[in-house]
Structures are given as C-alpha cells and as structure tokens.
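Residue numbers (the numbering used here), protein chains in the order written: chain A, 22 to 136; chain B, 148 to 262.
We put the CB at the ideal spot given by N, CA and C, even for glycine.
Below: one structure, written as structure tokens.
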Amino acid sequence: KAGVTQTPRYLIKTRGQQVTLSCSPISGHRSVSWYQQTPGQGLQFLFEYFSETQRNKGNFPGRFSGRQFSNSRSEMNVSTLELGDSALYLCASSSGTGLSYNEQFFGPGTRLTVL
Amino acid sequence: AQTVTQSQPEMSVQEAETVTLSCTYDTSESDYYLFWYKQPPSRQMILVIRQEAYKQQNATENRFSVNFQKAAKSFSLKISDSQLGDAAMYFCAHLPNFGNEKLTFGTGTRLTIIP
C-alpha cells in the first residue's frame, strides 16, 4: 500500500496570502488528522476529519480550516497568513472506526515558510 | 485536557549502549494509549512502540521497550544496543480511547548516537 502523501512538500508565501495544503491518506483510511509542528510550540493538533465531517478540533483560530472529500483526501487552508504560521504541517491517516485502536500513519509533511 | 512532559531536551549515548528517555503525562481517563514516535531528519514520524493503559505488561519491540507506571503516570522508553540509525527526535504521545484521534505530544528529546 502506498503511504500517506502530502503536497506540496515545500511552500513559500508572504504575509496576508492564503495557502492550501493537501493530504492523501492510505487507501481505505477514512480519518485524516492535521498537526502543526513549530520549534516554539511543538506538535499541536489542528483538526480531524472522518467521512467528510470534522470530528475533532484543536485550539487554532478560524483562519485555519479544512475539509475532506468523498475519496478521503483532505485539504487544509490557512487564510491571511502570519509569520507565526511558518511550520511543518503533518497529516496522519487511520481507519478511524473508533471501535478499537487505529494506528495513525504520518505523511512526510509540508514545510510552509511565511515571509 | 491531557498533557505530556518530556524533561530531557537532549540525550546522547554511545553506540551499542543503552539509553532511557523519560516521559510523564497527565490525564483524567482510565483507558488511553501511550506512544513513542521517532522523527529522523527526514521529518517522517514513525511509530516506535505503543502501550495500552489497561495492559499491565510493558510493551516491547525488538530493541525498544517501555517502563509503564500507570499510578505514577510515567512512560519511559529504553533503547538497547543503540545504533547510529536511532539518532532522531523522540516524541512521547497520548491518545484518548474510543475513537478520538487527537494525539497530544510532548516536546521531544533529541537523541544523539556517539560512534
């Protein structure tokens, strides 16, 4: 099986712009979670989507949003970029059934730099 | 809310020796999962080992083992016969039970292997 893929791998934007990142989960997985990794704040949970619905949300401002498509691919969008949004954005997929432990598999991340 | 604390920002160990990474956590739940993830310079998060809170037996995966002390809320990782490929950031993480995919991470420990 192919692993979790994220596109693009690297991105440079300027303050005030918006950006969209994409995550394709492992085939058959229905849950996609997004995490932000920065040197100062570490790894923080953004949100999780399951079957096209946001199931869980972290403590991030409304500038951060996401969605999931019927094929389980997910996108996250950040509007009005700030310098502090520079980070590695990781997505993780799992089967997400909730009936037992579902291992999360991580993608390689998208490195976003805001100038 | 869950918190995960890693008090060792950096550790180093001689190749072939044993090293222990520390982690403490706080949670109000009785059922949960604990993990150690490895993040090498490639930035790909890799699951090293998993522990279910309801299991008293400590998890073991080849050279990696944990010391899980539920009452003390302590979860340390022991790496035996350290190899150069073990050099990475190691993150301790907590996952609530029952379909909640939100991982809470510690701040990480950078492990250096000395040849």
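DSSP places A/Gly130 outside both helix and strand once states are collapsed to three, so it counts as coil. Interface annotation, A/Ser115: in contact with chain B, CB-CB separation under 8 Å. Taking a Cβ-Cβ cut-off of 8 Å, the neighbours of B/Thr254 in chain A comprise Gly63, given in sequence order. Counting of Cβ neighbours within 10 angstroms places B/Gln204 among the exposed residues, the total staying below 16. At a cut-off of 8 Å between beta carbons, B/Tyr180 contacts chain A.
Taken through DSSP and simplified to helix, strand or coil, B/Asp228 comes out as coil.
The distance from the Cβ of A/Leu102 to that of A/Val40 is about 6 Å, consistent with a contact at the 8 Å cut-off. Using a Cβ-Cβ cut-off of 8 Å, A/Phe90 does not count as an interface residue toward chain B, since no Cβ of chain B sits closer than that to its own.
Assignment of A/Leu104 by DSSP, reduced to helix, strand and coil, places it in the helix class.
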